[in-house]
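According to my numbering, the sequence shown is numbered sequentially starting from -2.
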Amino acid sequence: MENNTFKIEQIMNALSKSWSLESSSKWSKYNPAKGQCGVTTLVVNDLLGGEIKKTKLPDGWHFYNMINGRRHDFTASQFIEDILYMDIPSNREEAYKDTNDKQYNYLKQNVLINLDTLFISW
């Protein structure tokens, strides 16, 4: 369990360093997680597996990961208000509708680079 927590923290750090206008057109330096939920959920699913879940928010569907029975919302910081999670089952196809090939490939490549950098610095 502790090892999984370490991985989650390392991935969150790599995501934070990787988010940009290249991974979401809604990104800003004041709200870097904005618009990143679909693409982030896909990249995390690639790295850690688990399930993809969604919940309905006023602006549309919000995607996040369920890993080993625990909810992990890597982009929750984009919202001011608390999220009432519905944990509705979703899938890669639905989450992908929130992104495109260019954004997905950019984020995945940069997360992997940032993860390598983190582990090399150890």
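Beta carbons: idealized from backbone N, C-alpha and C, even for Gly.
ask   = Is Ile80 helix, strand or coil by DSSP?
value = It is coil, neither helix nor strand.
Nonlocal neighbours in the same chain, by C-beta distance under 7 Å from Trp16, ignoring five residues either side = Excluding residues within five positions, the ones whose Cβ falls inside 7 Å are Trp24, Pro29, Ala30, Gln33.
key: Alpha-carbon spacing of Leu81 relative to Thr52, whole angstroms   = Between the alpha carbons of Leu81 and Thr52 lies a gap of roughly 8 Å.
message = Just to confirm, is the Cβ distance from Ser139 to Gln100 under 9 Å?
response = Not covered by the structure: residue 139. The range shown for the chain is -2 to 119.
key: Integer Cβ distance of Asp95 from Phe71, believed to fall under 8 Å   = Not quite, the Cβ-Cβ distance comes to about 14 Å (not below 8 Å), so this is no contact.
task = Determine which residues share a DSSP beta bridge with Gly57 and list them.
result = Partner(s): Leu54.
task = Whole angstroms is fine: what's the gap from Gly57's alpha carbon to Gln106's?
result = If you take the alpha carbons of Gly57 and Gln106, they lie about 27 Å apart.
inquiry  = Please classify Ile110 as buried or exposed, where buried requires at least 16 other C-beta atoms within 10 Å of its C-beta.
reply    = Exposed, by the Cβ-count rule.
task = Out of Ile77, Ile8, Asn62, Leu54, state which residue places its alpha-carbon closest to the alpha-carbon of Tyr27.
result = Between Tyr27 and the set Ile77, Ile8, Asn62, Leu54, the nearest pair of CA atoms involves Ile77.
query = Over what stretch of residues does the alpha helix (DSSP H) that includes Ala92 continue unbroken?
reply = It spans 89 to 93 - the alpha helix (DSSP H) in which Ala92 sits, taken as one unbroken run.
task = Tell me whether Glu48 sits in a helix, a strand or coil according to DSSP, three-state version.
result = Judged by DSSP in its simplified three-state form, Glu48 adopts strand.
ask   = Going straight from the alpha carbon of Tyr103 to that of Asp84, what length do you get?
value = Straight-line Cα distance between these residues: approximately 27 Å.
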